[in-house]
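J.: Note that the numbering used here numbers the sequence shown so that position 53 is 151, with each residue one more than the last.
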Amino acid sequence: MGVIKKILYRADVLGKPRHRNFFLDMEENIHIHYRDLRIELSRGEFEDIVGAFGRQSAELLAIIEEKQYQDGRLPNANQDDVRIWTESRLRHEVKYHPQRFSLEECGDGYHFHYRNYKLLIEPEDFRRIARLFATLDIDGPYASTHEEVRSLLEANEVDFVLAAGNVPGEVLSICVARYHMPKVRDIFNYIGFSAEEGDGSEKRYRGEHLLVVAKPDSRRSALDYRRLRGRNSVLRLADHLSALGTGIDVEELNELKCQVLDFYFAVKAGKVTNVDTDPEAWLYSPPNRQVIFPYRAGAESGPTVAEPLYRAWANLINGIGLGFVKPGKNTFPKAVQDELRQKIDATLRREVAAYAAVDRIYLMGSALRGDMGRYHVPFIHGRLAKLGSDIDILVDINPAREDDLPPHWRLHLEKSSNHCAVYHVARIPLAEPEGDWAQRFPGVDFIPHLVDAYVRLPSRGHDEEIDAFLRKFGACCVYDRASEGPVYRGDEEADIAAVLAGHYGFDRPSVERMPASTENAVFRVHADADYILKLFKVSGNYARDRVAEHTAYEEHLVNELRVRGIPTAGIIPARTPSQVVIDGHPALLFERIPGRVEQRPPYPVAAAAAALAEIHRTQIKAPLESGTAFSFDDACMIWLPVFEQQCVRTDLEPDIAAAMAALLPLARRCFPGENRARWFARSPLVHNHGDVTPKNFILGSGGEARFFDFNNAFHGPRMADVIDGAFQFSLAEKYIQFADFSRFDEFIAGYEAVSPLTPDEREDLADWILLIGILLFAKEVRVVIERPDLKLRRKRALAIAGFLQERLLPA
Numbered sequence: 099m100g101v102i103k104k105i106l107y108r109a110d111v112l113g114k115p116r117h118r119n120f121f122l123d124m125e126e127n128i129h130i131h132y133r134d135l136r137i138e139l140s141r142g143e144f145e146d147i148v149g150a151f152g153r154q155s156a157e158l159l160a161i162i163e164e165k166q167y168q169d170g171r172l173p174n175a176n177q178d179d180v181r182i183w184t185e186s187r188l189r190h191e192v193k194y195h196p197q198r199f200s201l202e203e204c205g206d207g208y209h210f211h212y213r214n215y216k217l218l219i220e221p222e223d224f225r226r227i228a229r230l231f232a233t234l235d236i237d238g239p240y241a242s243t244h245e246e247v248r249s250l251l252e253a254n255e256v257d258f259v260l261a262a263g264n265v266p267g268e269v270l271s272i273c274v275a276r277y278h279m280p281k282v283r284d285i286f287n288y289i290g291f292s293a294e295e296g297d298g299s300e301k302r303y304r305g306e307h308l309l310v311v312a313k314p315d316s317r318r319s320a321l322d323y324r325r326l327r328g329r330n331s332v333l334r335l336a337d338h339l340s341a342l343g344t345g346i347d348v349e350e351l352n353e354l355k356c357q358v359l360d361f362y363f364a365v366k367a368g369k370v371t372n373v374d375t376d377p378e379a380w381l382y383s384p385p386n387r388q389v390i391f392p393y394r395a396g397a398e399s400g401p402t403v404a405e406p407l408y409r410a411w412a413n414l415i416n417g418i419g420l421g422f423v424k425p426g427k428n429t430f431p432k433a434v435q436d437e438l439r440q441k442i443d444a445t446l447r448r449e450v451a452a453y454a455a456v457d458r459i460y461l462m463g464s465a466l467r468g469d470m471g472r473y474h475v476p477f478i479h480g481r482l483a484k485l486g487s488d489i490d491i492l493v494d495i496n497p498a499r500e501d502d503l504p505p506h507w508r509l510h511l512e513k514s515s516n517h518c519a520v521y522h523v524a525r526i527p528l529a530e531p532e533g534d535w536a537q538r539f540p541g542v543d544f545i546p547h548l549v550d551a552y553v554r555l556p557s558r559g560h561d562e563e564i565d566a567f568l569r570k571f572g573a574c575c576v577y578d579r580a581s582e583g584p585v586y587r588g589d590e591e592a593d594i595a596a597v598l599a600g601h602y603g604f605d606r607p608s609v610e611r612m613p614a615s616t617e618n619a620v621f622r623v624h625a626d627a628d629y630i631l632k633l634f635k636v637s638g639n640y641a642r643d644r645v646a647e648h649t650a651y652e653e654h655l656v657n658e659l660r661v662r663g664i665p666t667a668g669i670i671p672a673r674t675p676s677q678v679v680i681d682g683h684p685a686l687l688f689e690r691i692p693g694r695v696e697q698r699p700p701y702p703v704a705a706a707a708a709a710l711a712e713i714h715r716t717q718i719k720a721p722l723e724s725g726t727a728f729s730f731d732d733a734c735m736i737w738l739p740v741f742e743q744q745c746v747r748t749d750l751e752p753d754i755a756a757a758m759a760a761l762l763p764l765a766r767r768c769f770p771g772e773n774r775a776r777w778f779a780r781s782p783l784v785h786n787h788g789d790v791t792p793k794n795f796i797l798g799s800g801g802e803a804r805f806f807d808f809n810n811a812f813h814g815p816r817m818a819d820v821i822d823g824a825f826q827f828s829l830a831e832k833y834i835q836f837a838d839f840s841r842f843d844e845f846i847a848g849y850e851a852v853s854p855l856t857p858d859e860r861e862d863l864a865d866w867i868l869l870i871g872i873l874l875f876a877k878e879v880r881v882v883i884e885r886p887d888l889k890l891r892r893k894r895a896l897a898i899a900g901f902l903q904e905r906l907l908p909a
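#1: Report the residue ranges of all alpha helix (DSSP H) runs contained in full by the region 250-321; include only those spanning at least 4 residues, in chain order.
#2: Sort out for me which residues DSSP pairs leucine 482 with in a bridge.
#3: Is there contact between the region 585-605 and the region 492-499, where contact requires at least three CB pairs shorter than 8 angstroms?
#4: Can you tell me which of the three DSSP states leucine 896 falls into?
#5: Drop a sphere of 10 angstroms on the beta-carbon of glutamine 826, count the other beta-carbons inside from all chains shown, and report buried for 16 or more, exposed for fewer.
#6: Mind the definition here: the region 653-673 touches the region 760-770 only if three or more C-beta pairs lie below 8 angstroms; say whether that holds.
#7: Would you call the CB atoms of isoleucine 137 and lysine 216 closer than 9 angstroms?
#8: Does the distance from the C-beta atom of isoleucine 545 to that of lysine 441 stay below 9 angstroms?
#9: Is it the case that the Cβ atoms of serine 724 and tyrosine 651 are separated by a distance below 9 angstroms?
#10: Give the DSSP bridge partners of serine 608, in chain order.
#11: Determine, using beta carbons only, whether arginine 304 and glutamate 295 come nearer to each other than 9 angstroms.
#12: Residue range of the beta strand (DSSP E) that methionine 470 falls in?
#13: Below 6 angstroms CB to CB, which residues in the same chain sit around valine 549 once its five sequence neighbours on both sides are set aside?
#14: Would you check if the distance between the CB atom of arginine 892 and the CB atom of glutamate 904 is smaller than 9 angstroms?
#15: Which same chain residues, not among the five before or five after serine 383, have their C-beta less than 7 angstroms away from its C-beta?
#16: In this structure, how does DSSP classify leucine 339 when only helix, strand and coil are distinguished?
#17: Got a sec, what are the start and stop residues for the alpha helix (DSSP H) aspartate 443 sits in?
#18: What are the boundary residues of the alpha helix (DSSP H) that glycine 771 is part of?
#19: Where does threonine 429 sit, in a helix, a strand or coil, going by DSSP?
#20: Bridge partners of glutamine 388, per DSSP?
#21: Report the residue ranges of all beta strand (DSSP E) runs contained in full by the region 661-729; include only those spanning at least 3 residues, in chain order.
#22: Can you grab the Cα-Cα spacing for the pair tyrosine 577 / lysine 424, in whole Å?
#23: Express the C-alpha separation of valine 259 and leucine 339 in angstroms, rounding to a whole number.
#24: In terms of residues, what are the limits of the beta strand (DSSP E) holding histidine 522?
#25: Tell me where the beta strand (DSSP E) around lysine 570 begins and ends.
#26: In the DSSP assignment, what are the bridge partners of valine 456?
#27: Run through the region 790-863 for me and flag every whole alpha helix (DSSP H) of 4 or more residues, listed as ranges in chain order.
#28: Looking only at its chain, what residues have a beta carbon closer than 8 angstroms to the beta carbon of histidine 195, apart from the 5 residues adjacent to it on each side?
#29: Within the same chain, show all residues whose beta-carbon is closer than 8 angstroms to that of leucine 896, passing over the 5 residues directly before and after it, in chain order.
#30: What number of angstroms, rounded off, separates the C-alpha of glutamate 617 from the C-alpha of arginine 448?
#31: In three-state terms, what does DSSP make of leucine 172?
#32: Would you kindly work out how many angstroms separate the C-alpha atoms of proline 739 and phenylalanine 634, rounded to a whole number?
#33: When you compare each of Val597, Val475 and Leu461 to glutamate 350 by their alpha carbons, which one comes out closest?
#34: Between which two residues does the beta strand (DSSP E) harbouring valine 365 extend?
#35: Per DSSP, which residues does tyrosine 393 bridge with? Please list them.
#36: Output yes or no for whether 9 angstroms exceeds the beta carbon distance between valine 310 and leucine 270.
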């Protein structure tokens, strides 16, 4: 870059270039077209340029790759000039119009001819330029004052900062990047300042009214100086956006949105304090493209602060019409498109078609057209940050399976303009490296390619509008269950389907893994009817080597309860005489119970307690014949020793250790076997459910209340189930924020409404609360020790301990 002696005029007053093409043509001569510029060449000149450019561009690209050069926000421009001189001397002179200067009004605008260059200028721009030329004073004085000299240095992009020793109007003292000291010398030489000797390495330049002292600086990098220089131009972010409106550079807009999104997630996670969260107060440095979040004493963070922040930000940008603005995109080459399409097809079969709720899948948009690509900067769409094109699909849901949508699909929009729900169903990696966005903005979850699904729910209707939507976008059906049959998410599901076909005679059943809170695996099976398959691997109430034995016990127990009229999920008998084993684990196939499982409060506490009481009362009237091989005291002898071991650990978190110390004196009376034997003898013995939690309780469509999943069942005093249920419905599963121990006594009261406790059970109630509470506390603490990242389990443990102390310790 040459040295600027004087800026005659500078402002962003022109419209955008009309053309964005680069091409060659050949008529009476050869033309190179670049946007609005045309260069006329002879054959010889053209051959000179092609040869030199081919060699020089290869050298420069190698240097760009070596230095990892980047332009854009805070570019890491090299401190040393890079010039490629290979074959730089052109052999041919300019042939066409070497001395011509011409201004012409033409049909497409004004033409500015300078030698063999032609520049196309829009009429309004040309008139503006003409007026500007009329006002120029090319003979005006050069910079001489403090402010004028600073402005000239900034115009020349000199890396400098003010230093000590400034005297307003007399002395300008600056620290200059060492690599720009020669440039500073040339600037002052051109504008008539004389060089003087300075102290040490500093340089002095004297003008008529001003002395400039330039001190070389080696501490700061070019990147440091660019940041500092950008801070000289700071304004309110809201003013910057409002002034530019929809004329803002789309890449700048999405990059600043990315910064705001990173700040939002940091505030939401409680990682920042004392920072102003009002978007109206935020600042912006346009040269740096940097959003500045000012200090504000006492400002807090967390979800309750983050959400109003985001709403205010969304209102600001939406009000200016900048809420949805896509940046430019580099389209992948055909070979990459083809490879990406294979990944898309495989993902759609695995994440969408593999679920029986899906009847058809339609593909549309970029993936169908074959113009997938990567955005120049992340496309910020609401709280989403997208690196590449979306994969747009529409999914037809089976009318009978609207409640069976895959659990990993995430609802994004309840109802879109085409009357479909919108779900985010999967992600596909980019076909090339993702860049350093995740390092620059660690709080943002950057999405490579998002599979964005419009989901047609038959109960909503609007089929004509949705069909018109499919036609409008030229959608193509890529999966139809009626013609292709079921597909499987992976080898596991396919293998299970084959085993089920052998044991139950099913023809290509659909198999879908369901979320499970334990190591046991649960699958939804669709064949002649709907079923639930469970593979048994572990239990908290008996040893792992007894899993197969307990599976047989559970099957016998469930069958007996159903014979007695207890409503629970029935077990489907296999056609083979032996126990069904899948992948080495015993398995049971249950009928699927229609209804609703309430894992989140409010719970139907009274109905659940009554259903449990009915299970027990039926057995008290006439004991079952399922055997007593699995007893409640077996579970006690697993977890009481665990509690003792936990009490002597020295690596527990302080709050857990304090709770343990408070509970230990109470818990001592649970350890003598004779104490437990006395409590057990004073409560009717029944086959207990063993895991009386909301997730194992279902209300049918007709209001029928039933428990299912007897995986932890045992024989023992009914009070074990009663108190376990009171605890579990109070703790609210994973929704610990809704824990409420007023439900504890509500559960017991609901139980007694069907099957009252005996006087002995009432007398022992505090002992039962203590025993079950200690067992549950020990289970939670074990998970806390093994998985300290699971904060939920720590909160549950502390809630149990707090309730025990409040309930059992004297006031």
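Ideal Cβ placement from N, Cα and C applies to all residues, glycine included.
T.: Inspection of the coordinates gives the following:
#1: Counting only runs of 4 or more, we get 279-288.
#2: Your numbering for residue 482 matches position 384 in the sequence shown. When DSSP reads this structure, leucine 482 sits in a beta bridge with His479.
#3: Here the region 585-605 makes no contact with the region 492-499; the two share fewer than three CB pairs at distances below 8 angstroms.
#4: For the purposes of this step, residue 896 is identified with residue 798 of the sequence shown, where counting begins at 1. DSSP places leucine 896 in helix when its eight states are reduced to three.
#5: The sequence position of residue 826 within the sequence shown is 728, counting from 1. Within a 10 Å sphere around the beta-carbon of glutamine 826 sit 16 or more other beta-carbons, which makes this residue buried.
#6: Contact fails: fewer than three Cβ-Cβ distances are below 8 angstroms.
#7: Counted from its first residue, the sequence shown places residue 137 at position 39. Counted from its first residue, the sequence shown places residue 216 at position 118. Yes, the Cβ-Cβ distance between isoleucine 137 and lysine 216 is below 9 angstroms.
#8: Along the sequence shown, read from residue 1 onward, the residue named residue 545 stands at position 447. Along the sequence shown, read from residue 1 onward, the residue named residue 441 stands at position 343. No, the Cβ-Cβ distance between isoleucine 545 and lysine 441 is not below 9 angstroms.
#9: Position 626 of the sequence shown, counted from the start, is the residue given in the question as residue 724. Position 553 of the sequence shown, counted from the start, is the residue given in the question as residue 651. When the beta-carbon positions are compared, serine 724 and tyrosine 651 come within less than 9 angstroms of each other.
#10: The sequence position of residue 608 within the sequence shown is 510, counting from 1. Partner(s): His624.
#11: Taking the first residue of the sequence shown as position 1, residue 304 is located at position 206. Taking the first residue of the sequence shown as position 1, residue 295 is located at position 197. Contact: no.
#12: What you label residue 470 is simply residue 372 of the sequence shown in a count that begins at 1. Counted as a single uninterrupted DSSP element, the stretch harbouring methionine 470 is not any beta strand (DSSP E), since DSSP gives it neither H nor E.
#13: By 1-based counting over the sequence shown, the position of residue 549 is 451. Once the five neighbours on either side are set aside, the close Cβ partners of valine 549 are Ile489, Val523 and Ala524.
#14: Position 794 of the sequence shown, counted from the start, is the residue given in the question as residue 892. Position 806 of the sequence shown, counted from the start, is the residue given in the question as residue 904. By the CB criterion at 9 angstroms, arginine 892 and glutamate 904 fall outside the cutoff.
#15: Locating residue 383 in the sequence shown gives position 285, where the first residue counts as 1. Exclusion of the five residues before and after serine 383 leaves Gly328, Arg329, Ser331, Val332 and Ile390 as the residues of its chain whose Cβ lies within less than 7 angstroms of its Cβ.
#16: Counting from 1 along the sequence shown, the entry for residue 339 is found at position 241. In the structure shown, leucine 339 sits in a helix (DSSP, three-state: H, G or I).
#17: On the sequence shown, position 345 is the one that residue 443 refers to. Looking at the DSSP string, the run of the alpha helix (DSSP H) that includes aspartate 443 is 432-446.
#18: Numbered from 1 along the sequence shown, position 673 holds the residue referred to as residue 771. First-last of the alpha helix (DSSP H) with glycine 771: 771-779.
#19: Counted from its first residue, the sequence shown places residue 429 at position 331. In this structure, threonine 429 counts as strand in the three-state DSSP scheme.
#20: By 1-based counting over the sequence shown, the position of residue 388 is 290. Answer by DSSP bridge pairing, in chain order: Ser383.
#21: Runs found: 683-689.
#22: As a first step, residue 577 must be located in the sequence shown, where it is residue number 479. As a first step, residue 424 must be located in the sequence shown, where it is residue number 326. Those two C-alpha atoms are separated by around 30 angstroms.
#23: Taking the first residue of the sequence shown as 1, we reach residue 339 at position 241. Taking the first residue of the sequence shown as 1, we reach residue 259 at position 161. Spanning the two alpha carbons is a distance of roughly 28 angstroms.
#24: The residue you call residue 522 lines up with position 424 of the sequence shown. Going by DSSP, histidine 522 is part of the beta strand (DSSP E) stretching over 519-526.
#25: For the purposes of this step, residue 570 is identified with residue 472 of the sequence shown, where counting begins at 1. Taken as a continuous stretch (DSSP letters only), lysine 570 belongs to no beta strand (DSSP E), being part of the alpha helix (DSSP H) at 561-570.
#26: For the purposes of this step, residue 456 is taken as the residue at position 358 of the sequence shown. Paired residue(s): Ile495.
#27: Runs of the alpha helix (DSSP H) inside the region 790-863: 817-829, 840-850 and 857-861.
#28: Reading the sequence shown from its first residue, position 97 is the one you call residue 195. Within its own chain, the residues whose Cβ lies closer than 8 angstroms to the Cβ of histidine 195, once the five positions on either side in sequence are excluded, are Glu138, His211, Arg213 and Asn214, listed in chain order.
#29: Residue numbering aside, residue 896 sits at position 798 when the sequence shown is read from its first letter. Excluding residues within five positions, the ones whose Cβ falls inside 8 angstroms are Asp753, Ile754 and Ala757.
#30: As a first step, residue 617 must be located in the sequence shown, where it is residue number 519. As a first step, residue 448 must be located in the sequence shown, where it is residue number 350. The alpha-carbon of glutamate 617 is positioned some 23 angstroms away from that of arginine 448.
#31: In the sequence shown, residue 172 corresponds to position 74, counting from 1. Confidence at leucine 172 is low in this model, with a pLDDT of 41, below 50, so its placement is unreliable and the value that follows should be read with caution. When DSSP states are grouped into helix, strand and coil, leucine 172 belongs to the coil group.
#32: Residue 739 sits at position 641 when you count from the first residue of the sequence shown. Residue 634 sits at position 536 when you count from the first residue of the sequence shown. Near 25 angstroms, if we compare the C-alpha coordinates of phenylalanine 634 and proline 739.
#33: One-based indexing of the sequence shown puts residue 350 at position 252. Considering only alpha carbons, the answer is Val475.
#34: Against the sequence shown, residue 365 aligns to sequence position 267. Note, valine 365: premise wrong, no beta strand (DSSP E); alpha helix (DSSP H) at 348-366.
#35: Walking along the sequence shown from the start, residue 393 turns up at place 295. According to DSSP, which records beta bridges pairwise, tyrosine 393 is partnered with Val373.
#36: On the sequence shown, residue 310 is found 212 positions in, with the first residue counted as 1. On the sequence shown, residue 270 is found 172 positions in, with the first residue counted as 1. In this structure, leucine 270 lies closer than 9 angstroms to valine 310 by Cβ.
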